[in-house]
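Numbering (our numbering), first residue to last: 525 to 833.
Ideal Cβ positions, reconstructed from N, Cα and C, are used throughout, including at glycine.
Source: prediction; values computed, not measured.
Notes to accompany the following structure.
The following block contains the structure:
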């Protein structure tokens with residue numbers, strides 16, 4: 525191989541990685557939430573490794589066959605939902621490349637790849653009894669105990685995404701009115717969520733120990749006073765679950781628990797949509813389906829005619 529050809533090959537080998545990094549930079553510039561940025565970063569890394577492993581040196585060298593092989597390989601170690609996440613990330617990247625570069629004569633390979641099927645499984649909420657035990661494991665008068673208790677209650681009572689909760693500042697909370705202003709919602713949307721009496725009491729107890737707290741400072745902080753990060757929030761949940769002797773729920777399970785509890789307690793779906801910050805009712809329809817099953821099960825157990833004869 526000539527020296528010039530070797531240089532040309534290296535440049536093209538780098539192009540795939542360079543384009544992916546440029547895509548991520550574009551997402552950051554658009555102000556995507558940290559969770560969304562983390563999603564694209566984590567999902568594109570395996571795709572890049574796979575493509576370079578089979579000799580693909582540039583975006584324009586990607587074929588539908590490459591993408592199908594990549595997704596099929598993931599199916600051996602990932603859930604259908606996990607595989608679908610990789611598909612969505614690849615689709616977003618390739619569509620961005622198509623619009624950004626406008627390559628002449630190039631056809632986007634993702635258009636020939638069908639999205640992986642994802643069976644509609646029940647959305648698992650955090651079990652209420654597990655939350656009670658985790659709260660019991662968070663009792664105490666120390667700063668960290670009060671913080672952890674407030675975190676657990678706010679996750680469940682507001683229905684906030686983890687990234688939204690972590691982005692809250694002290695000034696975003698109106699304890700008297702029981703409202704919280706979410707400034708950094710998904711898609712840049714701003715909304716107001718609510719806090720009940722129990723969550724407000726826990727939050728007041730925590731904030732009393734942070735004397736001199738200014739409105740622009742983080743609502744939930746580390747022992748050193750810096751903003752709590754995603755990993756720290758996840759560790760709080762895991763640690764309190766371990767002390768309570770219950771399986772550690774995912775952070776998103778609290779949001780699911782909020783949605784199902786609201787529907788089961790009679791909240792209308794449009795109010796819930798506003799509180800959760802959903803752009804449409806697609807996800808909420810799945811929750812509605814689960815609550816319909818609740819009603820059917822209750823009727824089977826308590827229906828008057830079946831118990832009459």
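Counting C-beta atoms within 10 angstroms of its own C-beta, residue 794 has fewer than 16 neighbours from the protein chains shown and is therefore classed as exposed. For residue 604, same chain residues with a beta-carbon under 7 Å away, outside a window of 5 residues either side, are 640, 641, 642 and 643 in chain order.
At the C-beta level, residue 652 and residue 773 stay beyond 8 Å of one another. Using a Cβ distance threshold of 8 Å, residue 758 and residue 672 do not count as a contacting pair.
Following the DSSP letters along the chain, one finds residue 786 in no beta strand (DSSP E) but inside the alpha helix (DSSP H) bounded by residues 775-788. Going by C-alpha positions, residue 561 is about 14 Å away from residue 688.
Contact annotation: the stretch 698-717 touches the stretch 793-811, with at least three C-beta pairs closer than 8 Å. Note that the C-beta distance between residue 694 and residue 739 is below 8 Å.
Check the Cα spacing between residue 803 and each of 810, 733 and 711: the tightest is with 711. The beta carbon of residue 776 sits closer than 8 Å to the beta carbons of 685 and 686 from its chain, once the five residues preceding and following it are set aside; these are given in chain order. The beta carbon of residue 592 sits closer than 8 Å to the beta carbons of 637 from its chain, once the five residues preceding and following it are set aside; these are given in chain order. In the DSSP assignment, residue 595 falls within the unbroken alpha helix (DSSP H) covering 588-598. Secondary-structure assignment with DSSP links residue 693 through a beta bridge to 742. According to DSSP, residue 793 shares a beta bridge with no other residue.
DSSP places residue 717 in the strand class (E or B) of the three-state scheme. Distance from the Cα of residue 590 is smallest, within the candidate group 634, 626 and 655, for 634.
Boundaries cannot be given for residue 637, as no beta strand (DSSP E) includes it and DSSP labels it neither H nor E. Per DSSP, the unbroken alpha helix (DSSP H) holding residue 675 starts and ends at 667-682.
Inclusion of residue 540 and residue 580 in the CB contact set at 8 Å is warranted, their separation being smaller than that value. Non-local beta-carbon contacts of residue 654 in its own chain, meaning distances under 6 Å to residues more than five positions away in sequence, involve 770 in chain order. An exposed status is given to residue 601, since fewer than 16 other beta-carbon atoms sit within 10 Å of its beta-carbon. Straight across, the Cα-Cα distance linking residue 547 with residue 620 is about 7 Å.
Around the Cβ of residue 682, a 10 Å sphere holds 16 or more other Cβ atoms; the residue is buried. Its Cα nearest to that of residue 657, the residue 676 stands out among 666, 676, 668 and 648.
Under the DSSP assignment, residue 561 falls in the alpha helix (DSSP H) whose first and last residues are 558-577. Between residue 668 and residue 747, the beta carbon gap of about 7 Å places them in contact (Cβ cut-off 8 Å). DSSP places residue 652 inside the alpha helix (DSSP H), whose first and last residues are 652-660.
Comparing alpha carbon positions, the residue from 805, 807, 732 and 812 closest to residue 789 is 812.
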